[in-house]
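Asks:
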Amino acid sequence: MSYEYKSIKDIVEMIGRNEIYLPAIQRKFVWGYEQIESLFDSIMRGYPIGTFLFWFVKGENKNEYTFYKFLEKYHERDNFLNNIAPKPELKEEIIGVLDGQQRISSMYIALQGKYAYKRPYARWENDDSFPEREFYLNLLRMENTDEEQGRTYEFKFLTKGEAQNIDEKYLWFLVKRAIAWGNDPEIDEYYDDLMSQEFPSSIINKIKFNRNEIKKILRILHQRLILERLISYYKISEQNLDNILDIFVRVNSGGTILSKSDLLFSTIVANWEGGREEIEKLLEYINNKGDGFGFNNDFIMRACLVLTDCSVLFKVNSFKEENIIKIKSHWGKIKSSIEKAIDLLVWFGFSEETLTSQNVVIPIAYYFYKDGKKSKKAIENIRKYLIHALLKKVFGAQSDRVLSNIREILTKEDDKGHFVLKKHEFDFDIFVKGKLPGNRSLKITDEDIKEILEFKKGSYSFMVLSLLYPQFKFNQIKFHQDHIHPASLFTDAKLRKHNIKIDKWKIWREMKDMLPNLQLMEGSENESKNKTNFDDWLANNIDDIQKFKKDNYIPQNVSLYFEDFEVFYNKRKDLLANKLSKLLQ
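Under this note's numbering, the sequence shown has 212 at position 144, and the numbering climbs by one with no breaks.
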């Protein structure tokens, strides 16, 4: 489809007739007054001002989504957010601006409204610090470019008093007067109107002397605002809201990139006053727990859908008004349940660095939301679920369906139509038996254990090690993944010094980072061990060597000299395989 065109006056009048709105996915108006002044300088100079994307919404579809009205009177402190358009006001067909919000908002404020920003150095709490200003054009500024700002025409937001300060350099014309002109205005009459005003004789002489230039400026202003169709827009007639979000993400890929979840988040806060602040406060709180996490809006929104038994599909319809009301009314319990789940993550030693899926936490929060017990047995089973789900990577693709299935595994419908837990004690066995999309399962097989034993130092190796060290208080002490035989020994020089055959070097370097050569150690202890040969460190730093070996799954009666690394590695691998089979199977 080709582009269509309208004049700036057409757009301003359509906004005034309630035909054009801003979808809730748009950000708030953020342009400063200098950006607006530069925009109009570009318009006057005939520079391109970019294309626009308009979404034509028909029938009931307009009631399925939230739209905002354009700001007319912007106030930097008191009125900087757009009002929601009342549904009864919406016509049979309306236009939503998908691309070009800031430019059109700026034009509308300049040509129909007022712009109040704080005076420099004035006090924020003082009402007089924010005088109302309207948009003016200096008719005595000829086409000599302002080198500092790169402008040819001088547009300014001025108070009435400032606009009346006329001298030989400044003659201010209220730009909104021009938007009322017809297609064939009498420019001479507007000029004569200027001459009839009570100006000092020096100003009258200046106006007379620049008669042709002043008329030229007024004609250009008329041409740009009224006659020329400068608004070049692409018309979108797609009615599916989720497809519209995908389009919006693509066309707004420049600057700050928005994801689909960012856009869906905007639909929540449009219908929940204070929602943004509540969610941001919760995110700040849980992300500061333990060693820190990286939870985001996406996580909170999915959690809200799951916990309130709404459709888990991450689509616009899932966040319709009735669901948002449900989320808002249950927010206290939602927040508490998420916090309890994060507290357990900290207890298990997880952080942003080691938590490979945020969605894995949601079923734990759901369990607490449904009044599940926090007994010792429940905590053990939650830990099992958490590590099995992460190791098996069940929350990859189709995570919405996985969450929905897990919710069904956990609950049943009571005689009042409410979903309640099948068991108030977290039961890991029902997860192992439950069916997940794509033939996924939490069950760990012998093949899985073989793969696990080849994990290299990172998030997944930490999960496994945390299972092997259940006695560690991860919420109190920082533990490091330590190379039992130090990584510093695997350099060419050290390998040659220990007479290791060259054809073994590559294999040994691979093995050094794998699970059989890793253990968990308290941070300070790990730093003291550092580059020391393991056999020397053990002899000089550990009193009860047999207990240390048992606690850390070090095979007995096996040489710990570096030259015998491969034998040690294979023996410990067998030890860990047997232990993990008991823990995971």
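Quick reminder that beta carbons are idealized off the backbone N, C-alpha and C, glycines included.
(1) May I have a chain-ordered list of the alpha helix (DSSP H) segments no shorter than 4 residues that lie completely inside the stretch 418-466?
(2) Ordered along the chain, which non-local residues of its own chain (more than five positions away) have a Cβ less than 6 Å from that of Leu239?
(3) Just to confirm the assignment, what range does the beta strand (DSSP E) spanning Trp240 have?
(4) Starting from the Cα of Pro116, find the closest Cα among Gly181, Leu651, Tyr301 and Gly229 and give me that residue.
(5) Is the stretch 462-477 touching the stretch 423-430, taking contact as three or more C-beta pairs under 8 Å?
(6) Skipping 5 residues on each side, what residues in its chain have a beta carbon closer than 8 Å to that of Glu236?
(7) Less than 8 Å between the C-beta atoms of Ile402 and Ile392, yes or no?
(8) Suppose you measure from the CA of Lys441 to the CA of Arg577; what does that come to, to the nearest Å?
(9) Helix, strand or coil for Leu643 per DSSP?
(10) In whole angstroms, give me the CA-to-CA distance for Lys137 and Arg344.
(11) Work out the CA separation of Asn278 and Glu157 for me, nearest whole Å.
(12) What distance in whole Å lies between the Cβ atoms of Leu139 and Phe198, which are believed to be in contact at a cut-off of 8 Å?
(13) Can the beta-carbon of Phe124 be found closer than 8 Å to that of Ile299?
(14) Check whether the stretch 374-381 touches the stretch 466-477, taking contact to mean three or more Cβ pairs, one atom from each stretch, closer than 8 Å.
(15) Flag this pair as yes or no: are the beta carbons of Asn598 and Ile552 separated by less than 8 Å?
(16) Helix, strand or coil: how does DSSP classify Gly506 here?
(17) Mind pulling the alpha helix (DSSP H) runs of 4 or more residues that sit fully within the stretch 70-138?
(18) Can you give me the C-alpha to C-alpha distance between Leu563 and Ala457, rounded to a whole angstrom?
(19) Give me the residue from Lys444, Lys580, Ile450 and Gln624 with the minimum Cα distance to Ile410.
(20) Between Lys445, Ile152 and Pro538, which has its C-alpha nearest Asp497's C-alpha?
(21) Under the three-state reduction of DSSP, which class applies to Lys141: helix, strand or coil?
(22) Going by DSSP in three states, Gly164 sits in which element: helix, strand or coil?
(23) Taking the continuous beta strand (DSSP E) assigned at Gln587, which residues delimit it?
(24) Alpha carbons only, please: which of Lys182, Tyr71, Pro268 and Tyr189 is nearest the one belonging to Thr227?
(25) Compute the Euclidean distance between the alpha carbons of Tyr637 and Leu557, then round it to the nearest angstrom.
(26) Can you check which of these residues, Cys378, Lys541 and Ile162, is closest to His486 by C-alpha distance?
(27) Is the beta carbon of Phe499 closer than 8 Å to that of Phe416?
(28) Are the CB atoms of Thr134 and Asn339 within a distance shorter than 8 Å?
(29) What span of residues does the alpha helix (DSSP H) with Val414 cover, start to end?
(30) For Gly323, count neighbouring Cβ atoms within 10 angstroms of its own Cβ and tell me buried if that reaches 16, exposed if not.
(31) Name the two residues that bound the continuous alpha helix (DSSP H) containing His290.
(32) Mapping DSSP to helix, strand and coil, what is Asn339?
(33) Classify Leu205: buried if its beta carbon has 16 or more other beta carbons within 10 angstroms, exposed otherwise.
(34) Where does Ile299 sit, in a helix, a strand or coil, going by DSSP?
(35) Under a three-way DSSP split, which group does Val635 fall into?
(36) CA-CA distance, Leu533 and Asp359?
Replies: Checking against the coordinates, here is how it stands:
(1) 430-437 and 444-459
(2) Indexing the sequence shown from 1 puts residue 239 at position 171. The beta carbon of Leu239 is closer than 6 Å to those of Leu207 and Leu208 in its chain, skipping five residues each way along the sequence.
(3) On the sequence shown, residue 240 is found 172 positions in, with the first residue counted as 1. Note, Trp240: beta strand (DSSP E), Trp240 to Leu242.
(4) Within the sequence shown, residue 116 is the residue found at index 48, counting from 1. Taking only the C-alpha atoms, the option nearest Pro116 is Tyr301.
(5) yes
(6) For the purposes of this step, residue 236 is identified with residue 168 of the sequence shown, where counting begins at 1. Hits under 8 Å: Leu208, Ser270, Ile271 and Lys274.
(7) The residue given as residue 402 occupies position 334 in the sequence shown. The residue given as residue 392 occupies position 324 in the sequence shown. Not in contact: Ile402 and Ile392 (Cβ atoms no closer than 8 Å).
(8) By one-based count along the sequence shown, residue 441 stands at place 373. By one-based count along the sequence shown, residue 577 stands at place 509. Using only the alpha carbons, I get a separation of about 46 Å.
(9) Locating residue 643 in the sequence shown gives position 575, where the first residue counts as 1. Here Leu643 carries a helix assignment [DSSP, helix/strand/coil].
(10) Numbered from 1 along the sequence shown, position 69 holds the residue referred to as residue 137. Numbered from 1 along the sequence shown, position 276 holds the residue referred to as residue 344. Whole-angstrom Cα-Cα distance: 20 Å.
(11) Counted from its first residue, the sequence shown places residue 157 at position 89. Counted from its first residue, the sequence shown places residue 278 at position 210. For Glu157 and Asn278, the distance between alpha carbons rounds to 48 Å.
(12) Locating residue 198 in the sequence shown gives position 130, counting from the first residue. Locating residue 139 in the sequence shown gives position 71, counting from the first residue. Not confirmed; about 15 Å, so no contact.
(13) The residue you call residue 124 lines up with position 56 of the sequence shown. The residue you call residue 299 lines up with position 231 of the sequence shown. Not in contact: Phe124 and Ile299 (Cβ atoms no closer than 8 Å).
(14) yes
(15) As a first step, residue 598 is located in the sequence shown; it is residue number 530 there, counting from the start. As a first step, residue 552 is located in the sequence shown; it is residue number 484 there, counting from the start. No, they are not a contact pair.
(16) Within the sequence shown, the letter at position 438 stands for residue 506. Correct three-state label for Gly506: helix.
(17) 76-84 and 101-112
(18) To locate residue 563, count along the sequence shown from 1; it is residue 495. To locate residue 457, count along the sequence shown from 1; it is residue 389. Computed Cα separation, rounded: 39 Å.
(19) Start at 1 with the first residue of the sequence shown, and residue 410 comes out as number 342. Comparing Cα positions, the closest option is Ile450.
(20) Counted from its first residue, the sequence shown places residue 497 at position 429. The shortest Cα separation from Asp497 among Lys445, Ile152 and Pro538 belongs to Lys445.
(21) Sequence index remark: in the sequence shown, residue 141 carries index 73 (1-based). Looking at Lys141 - three-state DSSP - the assignment turns out to be strand.
(22) Position 96 of the sequence shown, counted from the first residue, corresponds to residue 164. If DSSP states are grouped into helix, strand and coil, Gly164 belongs with the strands.
(23) Here the question's residue 587 lines up with position 519 in the sequence shown. Looking at the DSSP string, the run of the beta strand (DSSP E) that includes Gln587 is Leu586 to Glu590.
(24) Along the sequence shown, one-based indexing puts residue 227 at 159. With respect to the C-alpha of Thr227, the residue from Lys182, Tyr71, Pro268 and Tyr189 having the closest C-alpha is Lys182.
(25) Residue 637 sits at position 569 when you count from the first residue of the sequence shown. Residue 557 sits at position 489 when you count from the first residue of the sequence shown. Roughly 15 Å between the two C-alpha positions.
(26) By 1-based counting over the sequence shown, the position of residue 486 is 418. It is Cys378.
(27) Position 348 of the sequence shown, counting from 1, holds the residue named residue 416. Position 431 of the sequence shown, counting from 1, holds the residue named residue 499. Result no, Cβ atoms of Phe416 and Phe499 do not sit closer than 8 Å.
(28) Within the sequence shown, residue 339 is the residue found at index 271, counting from 1. Within the sequence shown, residue 134 is the residue found at index 66, counting from 1. Yes.
(29) The count along the sequence shown starts at 1 and reaches residue 414 at position 346. Unbroken alpha helix (DSSP H) run through Val414: Trp399 to Trp415.
(30) Counted from its first residue, the sequence shown places residue 323 at position 255. Only weak support exists for where Gly323 lies, its pLDDT of 46 falling under 50; the coordinates are left without a value.
(31) What you label residue 290 is simply residue 222 of the sequence shown in a count that begins at 1. Where His290 is concerned, the enclosing alpha helix (DSSP H) stretches over Arg279 to His290.
(32) One-based indexing of the sequence shown puts residue 339 at position 271. It is coil, neither helix nor strand.
(33) Numbered from 1 along the sequence shown, position 137 holds the residue referred to as residue 205. Counting Cβ neighbours within 10 Å, Leu205 comes out buried, since at least 16 surround it.
(34) As a first step, residue 299 must be located in the sequence shown, where it is residue number 231. Three-state DSSP puts Ile299 in a strand.
(35) As a working note, residue 635 is residue 567 in the sequence shown. Three-state DSSP puts Val635 in a helix.
(36) Position 465 of the sequence shown holds residue 533. Position 291 of the sequence shown holds residue 359. Cα-Cα distance, rounded: 18 Å.
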